[in-house]
Amino acid sequence: MSIRKYIAYLRTIETGSITQAANDLGYTQSAVSKMIADLEDLWQVTLLTRNRSGIEITSEGRNLLPKLQEIVRNYRDLNFAVSELHGVHSGLLRVGCFTSLSTSVLPSVLRLFHEKYPNIQIQLFTGEYSNVSEWLRRGMIDCGFLAMPAAGEFEATYLFQDSLVAVLPPEHPMINEPCFPVSRLPEESFVNLKEVQDYEITRFLDHLRASPKTIYEVTSDFALLSMVECGLGMSIVHDLILRPNRYNIVRLPMDITQFREVGIALKRDVTPSAVTSLFLEHVVYCMKKSAFLEGMN
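Residue numbers (the working numbering): 951 to 1247.
Below, the structure written as C-alpha cells:
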C-alpha cells in the first residue's frame, strides 16, 4: 500500500533520520529505506540524498512534499470519518509546546481533551519557541504553542498573557513586600537562566539600568528553582513555570512589568486535519471557560 510508503518518507523528512523514522513507525531501518527506494523507482526521481550529517530532501522531493502531506492528511481524515461512523473518534495529534506551558497549564487541557476523545493518541513535543516553529515548518507537528506575534508563515490564535516574576528564597527579607523593585538587582545574589535560543529574560535584563550580579548560571528552569529554594540567590522567571509551585520559594511581581502573549499556531495555508481542528476548538473552549487561567492559580 503506497500510503505506508508516503508516511515513512514524510516521517524521515520530519525527523531527519531514517533510523528515527523507523523507530517511530515500528519498522526496521531497512524496511523504511526500501519503501523510499520503491517510491524513487516508481517515480524515477531521487527523493533523498545521504551525507555525513544525515539525510537531506532533494529539490524533486521538496516539490512533491506538499502533495504527499495533503494525501496523508486526507488519509487520516478518512480514517477519522470512518471512526465517527462507528461512534468512535480516533486518530493521531502531534502538538509542540515550550517547557513552562507543558509543565503547568497544558496537562489539564490535555486531560479534558482525552476525557472527551479517549481514542485520539497525542504526541507532545517539547522545546523552545524556535524548536516548535521548526517542527511546524517541517510538518513534524500539527499545531504548536508559541509566544506571539508568531512568524508570518504561521496562523496563530491568542490564548492568554504570562508575566515575568521574581522568585526569592523563603528566608529573603523582602518576601512580605507587595513587589520586587528591579533597582535592587545589583544588591542580590542572582541565579541566571542561560537561555539557549529564546532570549526573553535576557533581553529584559539587558534593558534594565541596574544589571543583576550573577553568581550562578544554569540552563535548566528546574535547577534554577532548586538553587533559589536552597538560598543560593534569587532570580526572574516566567510565571508559568511556577504553576503549580512545587518549590519552597516566594513569588513576587516586579515593579516593572514584562508580559508575553501565548497563542496556538498552525502553518499558514495548510488545511488542518479533522483531529487538529477538534483540538483547536477544545483549546479555545478551555480558554473561554478559563481553564487556562484556573491552571495558573
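Yeah, the Cβ is synthetic: ideal placement off N, Cα and C, and Gly gets one too.
Since we're looking at a predicted model, the values are computed, not measured.
Could you check where the alpha helix (DSSP H) with residue i kicks off and where it finishes?
i, result
"Glu1150", "Glu1150 to Asp1156"
"Phe1229", "Ala1224 to Lys1238"
"Ser980", "Gln979 to Trp993"
"Leu998", "Segment Leu998 to Asn1001 is the beta strand (DSSP E) holding Leu998; no alpha helix (DSSP H) there."
"Arg1061", "Leu1056 to Lys1066"
"Ser1176", "Asp1171 to Glu1179"
For the beta strand (DSSP E) that contains residue i, what are its first and last residues?
i, result
"Cys1093", "Cys1093 to Met1098"
"Glu1006", "Gly1004 to Ile1007"
"Ile1165", "Lys1163 to Val1168"
"Glu1211", "Phe1209 to Lys1217"
"Asn1069", "Asn1069 to Gly1077"
"Leu1202", "Val1200 to Leu1202"
"Leu1042", "Ser1040 to Phe1048"
Measuring alpha carbon to alpha carbon, tell me which residue in the options is nearest residue i.
i, options, result
"Gln1111", "Ser1227, Ile1199, Thr969 and Leu1190", "Leu1190"
"Lys1238", "Leu1216, Gln1208, Tyr1108 and Thr1008", "Tyr1108"
"Ala1224", "Phe1130, Arg1201 and Cys1093", "Cys1093"
"Tyr1067", "Gln994, Ile953, Leu1216 and His1039", "His1039"
"Asn1195", "Phe1154, Val1115, Leu1135 and Ser1161", "Val1115"
"Leu1051", "Glu1010, Leu1096 and Ile986", "Leu1096"
Give me, in chain order, the residues of the same chain whose beta-carbon lies closer than 6 Å to that of residue i; leave out the 5 immediate sequence neighbours on both sides.
i, result
"Gly966", "Gly1004"
"Ile1206", "Val1132"
"Met1090", "Glu964"
Below 8 Å on the Cβ atoms is my contact criterion, and I expect residue i with residue j to pass it. Report the Cβ-Cβ distance as a whole number of Å.
i, j, result
"Ser1185", "Leu1158", "Not quite, the Cβ-Cβ distance comes to about 14 Å (not below 8 Å), so this is no contact."
"Cys1129", "Pro1203", "5 Å"
"Arg1087", "Lys1217", "7 Å"
If you drop the 5 nearest sequence neighbours on each side, which residues of the same chain put their C-beta closer than 8 Å to that of residue i?
i, result
"Glu1179", "Pro1119, Pro1120, Tyr1197, Asn1198 and Ile1199"
"Ile1286", "For residue 1286 there is no data in the structure shown, the boundaries of the chain being 951 and 1247."
Can you list, in chain order, the residues of its chain whose CB lies under 7 Å from that of residue i, leaving out five sequence neighbours each side?
i, result
"Glu1167", "Asn1142 and Lys1144"
"Asp1148", "Glu1078, Tyr1079 and Ser1080"
task = May I have a chain-ordered list of the beta strand (DSSP E) segments no shorter than 3 residues that lie completely inside the region 1088-1139?
result = 1093-1098 and 1104-1118
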